[in-house]
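To convert, note that position 225 of the sequence shown is 224 in numbering that gives the first Met the number 0; the numbers rise steadily by one, no gaps.
Below is one structure; the comments refer to it alone.
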Amino acid sequence: MPQEHIDTLIVGAGLSGIGAAVQLKKNCPDRDFAILEGREALGGTWDLFRYPGIRSDSDMYTLGYASRPWAEKKSIADGATILRYITDTARDHGIDRDIRYAHRVKRATWSTADSCWTLDIDKGPQQEAVRLTCNFLYVCSGYYNYAHGYTPDFAGIEAFSGRIVHPQKWPTDMDYTGKRVVVIGSGATAVTLVPSMTDKAAHVTMLQRSPSYVLSRPAEDRFAHWLNRYLPAKLAYGITRWKNVLLGLLFFGLSKRYPGRIKKMIIDGVRSSVGPDCDVEKHFTPSYKPWDQRLCLVPNADLFKAIRKGKASVVTDHIDSFTEKGLRLRSGQELEADIIVTATGLDLLALGGIEVVVDGKAIVMKQTMSYKGMMLDGVPNLAYVIGYTNASWTLKADLTGDYICRLLNFMTRQGLKQCIPQRTDMSIKEESWIDFSSGYIQRSLEKFPAQGNKKPWRLYQNYVMDLFTLRFSAVNDGTMVFSKGSEQ
Ligand SMILES: Cc1cc2nc3c(=O)[nH]c(=O)nc-3n(C[C@H](O)[C@H](O)[C@H](O)COP(=O)(O)OP(=O)(O)OC[C@H]3O[C@@H](n4cnc5c(N)ncnc54)[C@H](O)[C@@H]3O)c2cc1C
0 MPQEHIDTLI VGAGLSGIGA AVQLKKNCPD RDFAILEGRE ALGGTWDLFR YPGIRSDSDM
60 YTLGYASRPW AEKKSIADGA TILRYITDTA RDHGIDRDIR YAHRVKRATW STADSCWTLD
120 IDKGPQQEAV RLTCNFLYVC SGYYNYAHGY TPDFAGIEAF SGRIVHPQKW PTDMDYTGKR
180 VVVIGSGATA VTLVPSMTDK AAHVTMLQRS PSYVLSRPAE DRFAHWLNRY LPAKLAYGIT
240 RWKNVLLGLL FFGLSKRYPG RIKKMIIDGV RSSVGPDCDV EKHFTPSYKP WDQRLCLVPN
300 ADLFKAIRKG KASVVTDHID SFTEKGLRLR SGQELEADII VTATGLDLLA LGGIEVVVDG
360 KAIVMKQTMS YKGMMLDGVP NLAYVIGYTN ASWTLKADLT GDYICRLLNF MTRQGLKQCI
420 PQRTDMSIKE ESWIDFSSGY IQRSLEKFPA QGNKKPWRLY QNYVMDLFTL RFSAVNDGTM
480 VFSKGSEQ
């Protein structure tokens, strides 16, 4: 049977995949595309995660698409509102009809002779084998394993008589009314869950090995509301987006330049909100510098207010083992619990776990180098989206989409079939993908490509630099090698 061929296949119908489809539809109308989504629903992260309080930790004026103003009141938005924004975008552009649900891409095999990718896909619950071919593969699969989160090996976990939950698989029947809850973790998920669960729980304890920087920001952006009163929605959104991009860059730059002063500012902020009974030195003062790991943002100081009211508390200690009634800590303290939430992170995964093969050779992620943070050395006609670690994901996703549309249009105009970033300058040194010291990044580095120390192999965690790299730079830059395929 002849295989179905589609010009561009997007993997993933999350925030990035829907955004990529909008850009392709608008800027490359002569190319057909489809979205292959492994799950039965669109929205990715914002559909999968259902724990209490699930929300963004960056502002929606930068986490939203450049092309679609964020019109909701809250700038730090809850998961359901973000999911609606993605769903509305897909519906308004007619992209919902281009999604093939329950299509999980397992393998992508490139043939230079045919100038095309062949995708092996598991379809539906029966995992029926399906094959599709495409000219260009655009992987918008996020950065973590959808099958499960990360849980360390805790000693004695089977002894616990209460309920253990991972935030990635929040049970629909979870009732925590009047329960004693311990949330293990100190990242974005833990600081979201702790104040949210105080609505019904008897008490919520955040148990962390070491503290993170936690910064409070207003949930609403009054400047954006003010602009909206006087300016057209698109213009007001654009200005607020740029304001937030620049403030974010400024804050990141100042943190790197004056870590001591920024550290003091953050810790002073915690101290003024959390009340006199909390040991800020112990629970909110990290040993590393600001932005050596991702900062945690809490809207309207909700975490600090919950602690001040005595509804939540923080324990900084190591887990010795689970016990029947809760947890035994290294200090000897026993923490009793009815429910333990393991907010211990994600299992990071590159390219949605797709096995990539180029002309019979399997691509090993850690041996490749990323080109402009969105293509791979020696891998033709394939791009991927990975957002910023220090700013909103969509800022990079939007720029990547702009670049891919320019690249595809350039190839159409020139009658080219193949584009392949090729590292010929061997003086370029390999550096790790991200310089964060966080455990979850360190244990996953080898699953991701390296970056180089010079452009175009350098991964800028900087929107303004990427504007030049991705939006304004020439597509034909001497590193990208083009060909007309076997017809040339
Ligand atoms: C709880 C949580 C909160 C977050 N908050 C923020 C925030 O505030 N700001 C921010 O910038 N970032 C945040 N992030 C990062 C977040 O993932 C991105 O902002 C954004 O949602 C990523 O969108 P995406 O479409 O690239 O990936 P995802 O949302 O992960 O969607 C990927 C989609 O691809 C599908 N897929 C994956 N592999 C395959 C495959 N092999 N075949 C077929 N389909 C596949 C998945 O099923 C999924 O639908 C958060 C992440 C989490 C987990």
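All residues carry an ideal CB built from backbone N, CA and C; glycine is no exception.
- Secondary structure remark: continuous alpha helix (DSSP H) runs of at least 4 residues inside the stretch 72-101, in chain order: 78-91.
- The Cβ atoms of Leu398 and Leu469 lie closer than 8 angstroms to each other.
- Distances taken from the Cβ of Leu469 to the heavy atoms of ligand 1 include none shorter than 7 angstroms.
- In the three-state reduction of the DSSP assignment, Pro420 falls in the strand class, which pools E and B.
- Between Leu118 and Val104, the C-beta spacing is below 8 angstroms.
- Contact between Asn144 and Leu348 is confirmed by a C-beta separation of about 4 angstroms, below the 8 angstroms threshold.
- A Cβ-Cβ separation of about 4 angstroms places Ser114 in contact with Lys416 under the 8 angstroms criterion.
- Taken through DSSP and simplified to helix, strand or coil, Phe48 comes out as coil.
- At a Cβ-Cβ threshold of 8 angstroms, Leu23 and Thr204 do not count as neighbours.
- In this chain, the alpha helix (DSSP H) harbouring Met410 covers Trp392 to Gln413.
- Per DSSP, Glu333 is one residue of the beta strand (DSSP E) stretching across Glu333 to Glu335.
- Assigned with DSSP and collapsed to three states, Ile163 falls in strand.
- Remark: three or more beta-carbon pairs, one from each stretch, lie closer than 8 angstroms, so the stretch 416-435 and the stretch 365-376 are flagged as touching.
- Lys122: member of the beta strand (DSSP E) spanning Cys115 to Lys122, first to last residue.
- Here Trp225 is exposed. Its C-beta has fewer than 16 other C-beta atoms within 10 Å.
- For the pair Pro289 and Gly400, the Cα-to-Cα distance works out to about 30 angstroms.
- Beta-bridge pairing by DSSP links Trp456 to no other residue.
- If you draw a straight line from the Cα of His165 to the Cα of Thr341, it is about 5 angstroms long.
- In the DSSP assignment, Leu296 is bridged to Leu214.
- By the Cβ test, the stretch 315-332 is not in contact with the stretch 454-467, since fewer than three Cβ pairs between them sit closer than 8 angstroms.
- Taking one beta carbon from each stretch, the stretch 246-262 and the stretch 228-235 have fewer than 3 pairs nearer than 8 angstroms; the two do not touch.
- Shown here, Asp267 sits in a helix according to DSSP, grouped into three states.
- For Gly325, DSSP records a beta bridge to Glu335.
- Leu302 and Ser272 have their C-alpha atoms spaced approximately 9 angstroms apart.
- DSSP, read as helix, strand or coil, puts Ala33 in strand.
- In the same chain as Lys262, and ignoring 5 residues on each side of it, the C-beta atoms closer than 6 angstroms to its own belong to Pro289, in chain order.
- For Glu39, DSSP records no beta bridge to any residue.
- A contact is defined here as three or more CB-CB pairs under 8 angstroms, and the stretch 2-16 meets this definition with respect to the stretch 33-51.
- Of the residues Thr284, Arg270, Gly237 and Ile238, the one whose Cα lies closest to the Cα of Gly259 is Thr284.
- At a cut-off of 7 angstroms, the beta-carbon of Ile53 counts as near ligand 1: some heavy atom of the ligand is closer than that.
- Ranked by Cα distance from Ala76, the first of Lys308, Arg54 and Ser369 is Arg54.
- DSSP places Gln207 in the strand class (E or B) of the three-state scheme.
- Three or more pairs of CB atoms, one per stretch, sit closer than 8 angstroms, so the stretch 211-219 contacts the stretch 264-280.
- Scanning its chain for C-beta atoms nearer than 6 angstroms, with the 5 sequence neighbours on each side dropped, one finds around Ser391 the residues Ser57, Thr61 and Leu62, in chain order.
- In this structure, Phe250 has its beta carbon at no less than 7 angstroms from each heavy atom of ligand 1.
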